[in-house]
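To start, the structure itself, in structure tokens.
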Amino acid sequence: MNPLRVTVIGAGVSGLAAAHRLLELSKEKDIHLELNILDAGSKPGGTLSTVEKNGFVMEEGPDCFITEKPAGLELCKKLGLDDQLIKTNQTLKQSFILKNNRLHPIPEGFYLLAPSRVWPLMTTSLLSPLGKLRAAFEPFIRRRRDPQDESVGAFVRRRMGKEVLDGLAQPLIGGVFNADPDDLSLSACMPRFKEMEMKYGSLLKAMAARKLKSQAQVSGARYSLFVSFKKGMQTLGEKLASQIPMESMWLQSHVDSLNPTDKGTWEVSANGRTQETDAVILAIQPVKIHSLIGHLDPEWSKLLLGIPAHDSATLNLGFRRVDVNHPLDGFGFVVPSKEKKLVVGCTFASQKFEGRAPEGNVLLRAFLGQEGVDLFKAQGESSLVEKVLEELKPILNLRDRPLVHHLASYASSMSYFRPGHLSQALRLEQKASEIKGLYLAGNGLRGVGIPDCIAAGQNAAEKIFQNLLKKEIAQ
Ligand SMILES: Cc1cc2nc3c(=O)[nH]c(=O)nc-3n(C[C@H](O)[C@H](O)[C@H](O)COP(=O)(O)OP(=O)(O)OC[C@H]3O[C@@H](n4cnc5c(N)ncnc54)[C@H](O)[C@@H]3O)c2cc1C
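Numbering (my numbering), first residue to last: 39 to 513.
And the structure:
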């Protein structure tokens with residue numbers, strides 16, 4: 039039997055998880071696999087990237103992943119990375135929201151869009167008396183039965199009122215999806231909240247029930263909701279890459295064309311070299327897939343461009359502890375867009391996870407959206423750093439400049455899901471399944487979180503073997 043030739047485009051966590059699963063399956067099924075994984079960058083892992091400077095352990099991209107979705111933890115266990123996992127600081131559980139250059143605690147029990155407790159919401163300094171009254175009225179708002187998707191913004195405005203959206207939900211969601219809630223699909227980004235409305239008719243009632251249930255379920259050893267690695271998130275990318283034979287990994291190989299052949303195979307070109315392959319896994323964002331296969335037909339083009347992605351950047355800042363005159367008594371803060379800042383959020387990185395800053399120092403990490411990246415492109419790194427420091431100075435009472443800083447920026451790396459996304463993603467998957475040897479993974483279809491990307495990569499690998507099996511049965 040000829041070897042099965044598979045090419046994975048993109049060696050971020052999606053592509054690496056796909057490659058890892060392909061290797062597992064080829065071993066399990068005793069099928070000779072000829073694997074190539076191509077990435078434009080100089081190291082595997084994509085946005086999973088950690089840099090160490092002067093003893094500060096700085097995350098360029100994600101700083102943790104959620105344990106509620108099983109794919110992340112399961113893969114770590116399989117890779118023997120359990121003992122490298124660290125949980126968030128269990129003594130500091132609060133985070134803040136910026137309002138008029140002051141940090142206000144997020145009301146206890148408020149989770150992304152809704153509160154599980156009424157009293158903290160009624161006593162918060164983030165809402166006016168009228169805003170609180172409107173939020174308290176939530177259980178009396180009739181459920182929406184229209185099956186059409188709705189934006190996250192419209193949902194929160196409808197159920198909790200405009201003040202909760204602008205002052206609480208928008209900055210919290212913006213910090214996760216790097217997008218405007220009015221341009222985000224409720225069904226794709228926050229399906230649980232839609233289910234809560236359908237089941238309980240009220241988010242307040244649903245969140246209270248959920249809280250009771252989770253209290254009843256707490257028993258034995260549990261992972262914290264978010265985890266990272268002792269040496270940073272790059273650990274996961276490095277470990278996955280170490281499982282892939284060296285001859286299969288092609289770095290600094292930007293794929294610039296991908297074309298089907300008359301034989302039902304694909305031709306992949308990078309660095310002036312063309313390879314023929316039986317199957318391709320596209321583990322990159324839809325906007326980047328568009329530049330490779332958008333020309334194949336107008337529907338591909340429309341569907342792929344319908345899942346946009348914003349640029350983002352992170353600026354790590356290492357300070358002497360005495361130069362930050364703030365208790366830093368939480369994991370960080372998020373910034374509502376009405377505050378008109380470049381900084382979308384700021385993590386107190388060395389408070390959130392142990393081992394991120396040397397003794398006597400602290401590490402802060404500012405998260406920047408499209409506006410920050412635009413300023414960086416127009417005026418350069420030093421202008422951006424100065425502007426961020428100017429914004430942070432009055433908020434955190436900075437007394438001096440940082441000892442070190444490190445900027446990382448990513449072009450179109452955060453896909454986001456517009457209203458109607460699920461049917462669009464389904465159609466994309468259907469279309470791919472009709473084309474021999476074409477498989478989609480990456481953060482543009484089912485979720486942007488690391489466990490979602492791992493699951494998407496593994497799923498693409500499994501589909502290849504399922505199709506191979508179907509072909510064998512048919513022969
Ligand atoms: C700043 C930031 C913070 C985040 N924080 C979190 C977090 O805390 N927790 C969480 O769960 N998620 C977080 N996310 C989201 C999550 O990190 C990403 O969705 C996920 O890592 C994407 O993985 P990926 O492999 O799909 O894509 P990527 O990591 O973007 O990897 C894609 C790879 O493809 C390569 N590539 C692109 N085009 C080509 C081409 N034509 N040819 C060859 N190679 C190509 C790129 O070089 C890249 O290495 C964050 C994302 C960012 C940007």
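We treat Cβ as the ideally placed atom computed from N, Cα and C, and that holds for glycine.
None of the values given here were measured: they were computed from a predicted structure.
Candidates the options: closest to residue i by CA position
i, options, result
"H70", "N40, V51 and D221", "N40"
"F9", "K115, K474 and K125", "Only positions 39 to 513 of the chain appear in the structure, and residue 9 is not among them; the question remains open."
"L42", "S64, A55, G53 and A57", "S64"
"Q208", "A246, E472 and Y149", "Y149"
"L61", "G50, N74 and A387", "N74"
"Q186", "M198, S225 and S87", "S225"
"M452", "V89, G99 and S80", "G99"
"L422", "T129, S447, N399 and V400", "S447"
"I433", "N138, G475 and A387", "N138"
"R183", "H444, L123 and S240", "S240"
"K474", "A317, L296, L330 and M284", "A317"
"C227", "M198, S295, M160 and E188", "E188"
"K268", "N505, L119, E409 and E467", "L119"
"S163", "N435, V486 and L136", "L136"
"P143", "H443, E424, F371 and T273", "F371"
"L289", "A78, K508, Y238 and R403", "A78"
"L206", "P177, R181 and L159", "L159"
"K115", "R248, L278 and T312", "L278"
Residues bridged to residue i [DSSP beta-bridge criterion]
i, result
"W157", "Answer is none; W157 lacks a bridge partner."
"N399", "R358"
"M198", "Note: M198 sits in no beta bridge, so no partner."
"Y477", "I319"
"S266", "I124"
"K137", "R140"
"N297", "E305"
"Q313", "V306"
"F148", "P153"
"E337", "The partner list for E337 (beta bridge, DSSP) is empty, contrary to what the question assumes."
"N497", "None; N497 has no bridge partner."
"C491", "In DSSP, C491 forms no bridge with anything."
"S350", "Y448"
"I75", "V46 and M287"
"G53", "Paired residue(s): none; G53 is not in a bridge."
"F371", "F134 and C384"
Cβ pair residue i, residue j closer than 8 angstroms
i, j, result
"R439", "V95", "no"
"T385", "V44", "no"
"L242", "P145", "no"
"G53", "A479", "yes"
"V190", "P167", "no"
"P489", "S223", "no"
"A192", "I492", "no"
"L380", "L413", "yes"
"G514", "N92", "Because the chain here runs from 39 to 513, residue 514 falls outside it and cannot be looked at."
"T85", "G50", "yes"
"G325", "S450", "Residue identity differs from the one stated: residue 325 is Val in this sequence, not Gly. Cβ atoms of V325 and S450: closer than 8 angstroms."
"E337", "K131", "no"
"G426", "G407", "The amino acid occupying residue 426 in the given sequence is Val; Gly does not appear at that position. No, these two residues do not count as a Cβ contact at 8 angstroms."
"A498", "R484", "no"
"I345", "F175", "no"
"F391", "S266", "yes"
"Q122", "S262", "no"
"G147", "R140", "no"
"A308", "S286", "no"
"D204", "P374", "yes"
Whole-Å CB distance - residue i paired with residue j, under 8 angstroms assumed
i, j, result
"A173", "V202", "5 angstroms"
"I47", "I322", "6 angstroms"
"G270", "G83", "At roughly 11 angstroms, the Cβ-Cβ gap does not stay under 8 angstroms, so G270 and G83 are not in contact."
"L342", "I327", "5 angstroms"
"S350", "N481", "12 angstroms between Cβ atoms; not a contact."
"L353", "Q389", "The pair is not a contact, with the Cβ atoms about 17 angstroms apart (cut-off 8 angstroms)."
"R359", "V400", "5 angstroms"
"M234", "A246", "So it is not a contact: roughly 11 angstroms between Cβ atoms."
"E472", "R59", "That belief does not hold up - the Cβ atoms of E472 and R59 are roughly 23 angstroms apart, past 8 angstroms."
"G368", "S80", "Contact flag wrong, Cβ pair sits at about 36 angstroms."
"L151", "F231", "5 angstroms"
"L402", "A416", "No, L402 and A416 are not in contact; Cβ-Cβ is about 24 angstroms, not under 8 angstroms."
"H348", "N435", "In fact, because the Cβ distance is near 31 angstroms, the residues do not count as touching under 8 angstroms."
"T88", "Q272", "4 angstroms"
Min CB distance residue i to chain C below 8 angstroms
i, result
"K415", "Absence of chain C from the displayed structure is noted, only one protein chain being present."
Which ranges would you report for the beta strand (DSSP E) in the region 80-110 if only whole runs of at least 3 residues count?
Here the runs fully enclosed are 88-91 and 94-97.
Tell me the start and end of each unbroken beta strand (DSSP E) in the region 386-453 that is at least 3 residues and wholly inside, in chain order.
Within the region 386-453, the complete beta strand (DSSP E) runs of at least 3 residues are 399-406 and 442-453.
Which parts of the region 165-229 are runs of the alpha helix (DSSP H), unbroken and 4 residues or longer, counting only runs that do not cross its ends?
Complete alpha helix (DSSP H) runs here, min 4: 167-174, 190-198, 208-215 and 224-227.
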